[in-house]
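Visitor:
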Amino acid sequence: MTAALYYFDDEADAANRLGAALGMACHAIDRRQFPDGESLIRITEPATTAFVYRSLCQPNDKLVELLLVASALRDRGAARVILVAPYLAYMRQDVAFLPGQAVSQRVITQLIADHFQGLVTVDPHLHRTPNLEAIAPQLQVAYVSAAGTLAEMLRPDIAPGTIMVGPDGESRPWVESVAKPLGCDVLVGEKVRFGDREVELTVPGIEQVAGRPVILVDDMISTGGTLLKCAALLQAAGATRIEAVTAHCLASHDDLAHLEAGGIQRVRATDTVAGVTVAAAIAPALAAAIREKWGSLLA
Ligand code: R5P
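Read left to right, the sequence shown gives residues 0 to 298 (numbering that gives the first Met the number 0).
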């Protein structure tokens, strides 16, 4: 019985951090792109239990390649194939908000379950859905929280009096989990979304931030519109310094520049998504979850 971790070359560093944390062999996936954009996948090393590392930001091409990888691994003798997707895409569209819209969360979860026996992911954006097994009962899922990783990242330089702010109701459990081990106060906003970048926010109790440093905490930054709006309110209320931390930072270079111009002095994220904001490795938390769920299969 062998277990191995497979990765694409653009994620070699993050995947090797996980492989090292697990003491597991790591193999690069051989990928070639044809002139018309199709991908050719080759697996050169077999394993009985195959973990495939693929974070699903910019997901469309990656999803197709993952289906090819799962198939090639099975053809090479894998008895089980487990997807490690630190960032799991398509989770926000969990209902049809307008008649005729696809429920992307259901479609993508089912697609993964059709090709992988297991899934490891970090803080998937589940709002109205209790868990992914409610969509695909056959899928074994290991859920990892980035809250502990972010709290430990913040601990060495947390300023006295820091108050943590979650911008909307969905962020409440999350901001509380980051704040609690650090003993920080918490405020939670209320958000109404009108479009991809248009949101309205209020933060009950915002007067408490006057003269204090603030750390904004959210599970993900996409366009940055939510944090931008929140930062404007916090500045007007007298916050002395505003930073932001998140599990998944998908923001573009331009969006990050807007956040800086909007008064957010620093944005820090885990490495579930590669980029300039990465300040903490999620590998130890991923490895702990994998050991707990599939420890008996790790050789
Ligand atoms: C939504 O509920 C999430 O928790 C985030 O607040 C949201 O996805 C952030 O998106 P954006 O950065 O585009 O405002």
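Glycine included, every Cβ here is placed at the ideal spot set by N, Cα and C.
(1) Please return the same chain residues whose Cβ sits closer than 8 Å to the Cβ of residue 38, not counting the five positions on each side in sequence.
(2) Reducing DSSP to helix, strand and coil, say where residue 276 ends up.
(3) Around the C-beta of residue 124, are 16 or more other C-beta atoms found within 10 angstroms, so that it is buried, or is it exposed?
(4) Helix, strand or coil for residue 184, going by three-state DSSP, please let me know.
(5) Just the C-alpha distance for residue 73 and residue 111, rounded to the nearest angstrom, thanks.
(6) In chain order, what residues of the same chain have a beta carbon less than 7 Å from the beta carbon of residue 8, not counting five sequence neighbours either side?
(7) Going straight from the alpha carbon of residue 89 to that of residue 186, what length do you get?
(8) Does the beta-carbon of residue 259, which I'm using as the reference point, lie nearer than 7 Å to any heavy atom of the ligand R5P?
(9) With distance defined between alpha-carbon atoms, name the residue in 36, 107, 3 and 54 nearest to residue 43.
(10) I need the DSSP call for residue 205, collapsed to helix, strand or coil.
(11) Quick check: does the Cβ of residue 226 come within less than 7 Å of any heavy atom belonging to the ligand R5P?
(12) With 16 as the cutoff for other CB atoms within 10 Å, does residue 105 come out buried or exposed?
(13) Determine the direct distance from the alpha carbon of residue 140 to that of residue 116, and round the result to whole angstroms.
(14) For residue 153 versus residue 138, is the C-beta spacing smaller than 8 Å?
(15) Thinking C-beta only, is residue 81 closer than 8 Å to residue 108?
(16) Which one or two residues does DSSP pair with residue 248 in a beta bridge?
(17) Please confirm whether residue 269 and residue 287 have their CB atoms less than 8 Å apart.
(18) Use the C-beta contact count for residue 129: other C-beta atoms within 10 angstroms, 16 or more gives buried, fewer gives exposed.
(19) Can you list, in chain order, the residues of its chain with a C-beta nearer than 8 Å to that of residue 155? Leave out the 5 residues immediately preceding and following it.
(20) Can you name the residues that DSSP bridges to residue 212?
Guide: Walking through what the data contain:
(1) 30, 31, 32, 60, 63, 64 and 67
(2) coil
(3) buried
(4) strand
(5) 15 Å
(6) 27
(7) 28 Å
(8) no
(9) 3
(10) helix
(11) yes
(12) buried
(13) 9 Å
(14) no
(15) no
(16) 220
(17) no
(18) exposed
(19) none
(20) 240
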